[in-house]
Every structure is written in structure tokens, then in C-alpha cells.
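Below is one structure, written out as C-alpha cells, with a few remarks after it.
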Amino acid sequence: LTLEERLAAYVVEGSKEGLVPDLDEALTKYAPLKIINGPLMAGMEEVGRLFNNNELIVAEVLQSAEVMKTSVAHLEQFMEKTETSVKGKIILATVKGDVHDIGKNLVEIILSNNGYRIINLGIKVPPERIIEAYREEKADAIGLSGLLVKSAQQMVVTAQDLKTAGIDAPIMVGGAALTRKFTKNRIRPEYNGLVLYAKDAMDGLDLANKLMN
Ligand code: B1M
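Residue 622 is where the sequence shown starts when you use the UniProt record's numbering, and the numbers rise one by one after that.
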């Protein structure tokens, strides 16, 4: 197998044997984020496909998630960091009912490496908790992540609850089941502030930078 194929295979097989040396070798060729978005994400896509076809069970997908998390944790130290004063404070949460957090945590890493203070509320976060944290932290924006189809609907509910609570701070939404169109047609009409769709973590950073300028 080529290096790229091996990296994808660690994720698919949920195996860490030899992972770190291969990540280090990949770092001599690619930037950390390229490794994540390239071979590691390709592995995750394959895991999703196999899982969908009932060829993997949840326990195996969890092991794949572990490999992804270990990889991201190893690569993080090599990511570019900008030493700026804090550009803004952003609340981040995976919405109620959803446990997927790899993408959200990647967004946290990218934003915090680029001058943002992130309040990461974790997974399965109900709207009440987001409202409370927003008020406590006096945050500049709120980031919602969710991968399940039902999470997209939960984002609509969250936006409605934030609106009812009188909050109109910008919201950034992202995650696999979400689309720009759903964001525009279904979430935006339920909210008084800006609702921005981010297709990936770098897009999230670009949007945050535009917002704060
Ligand atoms: Co689950 N899962 N899972 N899963 N899982 C999916 C999402 C699924 C598509 C797999 C499939 O069937 N093909 C499917 C969803 C179906 C649907 O609703 N359409 C699914 C399912 C069904 C489930 C369960 C229901 C399975 C079950 O129990 N029967 C269950 C759900 C439990 C729950 O949430 N209540 C479940 C559980 C799990 C595990 C726990 C085993 C594990 C998660 C571990 C963890 O996160 N700690 C898991 C995994 C790993 C996946 C797949 C395989 C991979 C997800 C991932 O981590 N991708 C996934 C299939 C797939 O996506 N290929 C799948 C890598 C990550 C970096 O990408 O999160 O998309 P992603 O983030 C991207 C962008 O989306 C974006 O930036 C990132 C890239 O830069 N982004 C943002 C994300 N959030 C953002 C927020 C932003 C900005 C950008 O701003 C705020």
C-alpha cells in the first residue's frame, strides 16, 4: 500500500499499529490539514459506506473514530498557529440528540489556533444549555454541529429557541447532513440574526474571520 492508502486503512480498520510513524512520514509531504482532509477523511467516508451497508458495527466505527481522534491530536501540534490577540469568543456545540464530535472538535482546533476563544459545550447539547452559556460567556457567535438528518431539524429548533430567548448573535452551522439550501430555507427564516453555513472547518474559519472584521 502507498502511504496515503495506509493512512486511510488505519481509519477503516480501526488500527493504530504504525499510525504515528506514518503520520510523521506524511508530514514531510503534506500540511497537517491536508492529511486530515485527504487520506484520513477518505478512510472515514469508507467507514460510513461500510456502516451503511451493515458491513461494520457501531463498536467498529467507534474504533475508527478513535484512530481519527488520535491522528488529529498528533497532527495538531504541527498546525500553523497565529499569535494574535483574541479575535472573538465562540460557543461550539453538537446539537441535542447527536454524539458525533470529530468535526466539531476539528473546528475548535482550527479556530483556536487562529485567534478565537472557543467554549466547547460538547455533544448532545440542548438549546437551554447553549442559551445559558451564551449569556454567561457573552460570546460573539454560536457554532452548531450535527451529522444526523434529525440534527438538521434540531438546528431549526435551536435557532427558534435562541430567537425566543432574545438572542440574535451570528450562528454558524455545519455537518454532513446539512446543506447550504437547508440552512437558507429552513434555519434562517426562524432566526433574527445571521445564519451561516460552513462546509468544512476551514470554511468555518473564513466565515468567522469575515464576521469579526
Ligand atoms: Co455515526 N452516523 N452514528 N457514528 N457516523 C454517520 C453520520 C452516518 C452518515 C453513517 C452512515 O450511516 N453512512 C449516519 C447518519 C445517517 C443520517 O442521519 N443521515 C450515522 C448513524 C446512523 C449513527 C448512529 C445512529 C448509529 C447507531 O447507533 N445505529 C449513531 C448516532 C448516535 C447519536 O448521535 N445519537 C452513530 C454513532 C457513531 C459513532 C459514535 C460510532 C461514531 C462517532 C464518534 C464521534 O464522533 N466521537 C460515528 C461515526 C464516526 C460516523 C461516521 C462514519 C464518520 C463521522 C466523522 O467523524 N467524520 C459518519 C459517516 C460519514 O460521515 N462518512 C457517521 C469525520 C469528520 C471530520 O467529519 O463530522 O462531517 P464531519 O465534519 C466535517 C464537516 O461536516 C464540517 O467540518 C468537518 C471537516 O472539516 N463540520 C463543521 C462539522 N461540524 C461543523 C461545524 C461548523 C463548521 C463545520 O461550525 C460550527
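Ideal Cβ positions, reconstructed from N, Cα and C, are used throughout, including at glycine.
Residue i to residue j span [Cα, whole Å]
i: Thr705; j: Leu671; result: 43 Å
i: Leu628; j: Asp827; result: 28 Å
i: Ile657; j: Pro810; result: 34 Å
i: Ile808; j: Glu697; result: 32 Å
i: Lys802; j: Val679; result: 30 Å
i: Thr649; j: Gly659; result: 15 Å
i: Asn735; j: Met700; result: 10 Å
i: Val746; j: Gly709; result: 21 Å
i: Gly669; j: Val632; result: 11 Å
i: Ala652; j: Glu667; result: 22 Å
i: Leu644; j: Glu638; result: 12 Å
i: Met662; j: Ser692; result: 11 Å
i: Glu634; j: Gly664; result: 9 Å
i: Ile730; j: Leu815; result: 23 Å
Cut-off 7 Å between Cβ atoms - residues of its own chain near residue i, not counting five sequence neighbours on either side
i: Met832; result: Checking the sequence, you will find Leu at residue 832 rather than Met. So the list reads Ala762 and Pro791, once near-sequence residues are dropped.
i: Ile723; result: Ala686, Met689 and Lys690
i: Lys784; result: Glu811, Tyr812 and Asn813
i: Ile788; result: Ile752 and Tyr755
i: Val641; result: His695
i: Glu646; result: Leu624
Strand pairing of residue i, partner residues [DSSP]
i: Tyr818; result: Val794
Where residue i falls: helix, strand or coil (DSSP)
i: Asp782; result: helix
i: Asp789; result: coil
i: Thr804; result: helix
i: Asn834; result: coil
i: Ser772; result: helix
i: Leu828; result: helix
i: Leu624; result: helix
Beta-carbon contacts of residue i that lie in its chain and below 6 Å, excluding the five residues immediately before and after
i: Asp719; result: Gly767, Leu769 and Ser772
i: Val728; result: Ala822 and Gly825
i: Val819; result: The residue you asked about is not Val; residue 819 is Ala in the sequence shown. Closer than 6 Å at the Cβ level, and outside the excluded window around Ala819, lie Met793, Gly795, Gly825 and Leu828.
i: Thr817; result: It should be pointed out that residue 817 corresponds to Leu in this sequence rather than to Thr. Within the same chain, Leu817 has close Cβ partners Met793 and Leu828.
i: Asp782; result: Pro748
Residue i beta carbon near the ligand MN (any heavy atom closer than 6 Å)
i: Ile730; result: Of the ligands this structure carries, namely the ligand B1M, none is the ligand MN.
#### Entry: Completely contained beta strand (DSSP E) runs for the region 708-769, where each covers 3 or more residues
Counting only runs of at least 3 residues, the region 708-769 fully encloses the following beta strand (DSSP E) elements, listed from N- to C-terminal order: 709-715, 737-741 and 762-766.
#### Entry: Complete runs of the alpha helix (DSSP H) confined to the region 628-703 [at least 4 residues]
Listed in chain order, the complete alpha helix (DSSP H) runs (minimum 4 residues) inside the region 628-703 are 640-648, 653-656, 662-673 and 679-697.
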